[in-house]
Amino acid sequence: MTTLPAIWLDHINLPARDPERLCAWYATKLGLRAQDNIAYAPGITIAFSRGEPLPAGNLLHFGLRAESRSAVETWAQHFGVGIAFDEAAYFSARITDPEGNLFEIYWDKR
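Residue 310 is where the sequence shown starts when you use our numbering, and the numbers rise one by one after that.
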């Protein structure tokens, strides 16, 4: 079997009815820089293109990993949401952005 070279997630592109406004929201809420409808910081790049939001009802989302349980709790408080999952290996808060896209901030307990 051939060993494949390493790859990693570099960016996501979210559809938005108002890409400029949604980019500004992510930049403000997550403490990112914003330029040309891209919100970014080391290790995070979120681009925004005109389109309909992703349907949150089917759990289609992206996750941002936190360093600890208390970090997730701090982010949950920042967004005014509760803890969505507290399981054996996983602790997370889920956030819906102003256009209905779902994302989570989580801590992997393993």
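Heads up, the beta-carbon is just placed ideally off N, CA and C, and yes, glycines get one too.
Candidates the options: closest to residue i by CA position
i, options, result
"A398", "W384, G409, R378, E408", "R378"
"A356", "E329, I414, L411", "E329"
"E376", "S358, P364, F400, L341", "F400"
"L368", "I353, N410, R374", "N410"
"L323", "Y335, F394, L313, A315", "Y335"
"G372", "F394, D327, L313, E361", "F394"
"T383", "K338, D319, H320, L318", "K338"
"G360", "H370, A333, A315, D327", "D327"
"H320", "H370, T405, V390, G352", "G352"
"T354", "K418, G340, M310", "G340"
"K418", "N346, R374, D406", "R374"
Span of the beta strand (DSSP E) around residue i
i, result
"R419", "Element bounds for R419: n/a, residue is neither H nor E."
"T405", "399-405"
"A393", "392-395"
Residue i - containing alpha helix (DSSP H), residue span
i, result
"S377", "S377 -> no alpha helix (DSSP H), and no H or E assigned at all."
Inter-residue CB distance, residue i and residue j (contact presumed, cutoff 8 angstroms)
i, j, result
"W291", "A380", "In the structure as shown, the chain starts at 310 and stops at 419, and residue 291 therefore has no counterpart that could be examined."
Residue i burial status per 10 Å Cβ neighbour count (16 or more: buried)
i, result
"R403", "buried"
"I414", "buried"
"A325", "buried"
"E396", "exposed"
"E408", "buried"
"A348", "buried"
"L318", "exposed"
"L313", "exposed"
_At 3 residues or longer, what runs of the beta strand (DSSP E) sit wholly inside the segment 321-353?_
For the beta strand (DSSP E) assignment, the uninterrupted runs of no fewer than 3 residues enclosed by the segment 321-353 are, from N- to C-terminal side, 321-325, 342-344, 347-350.
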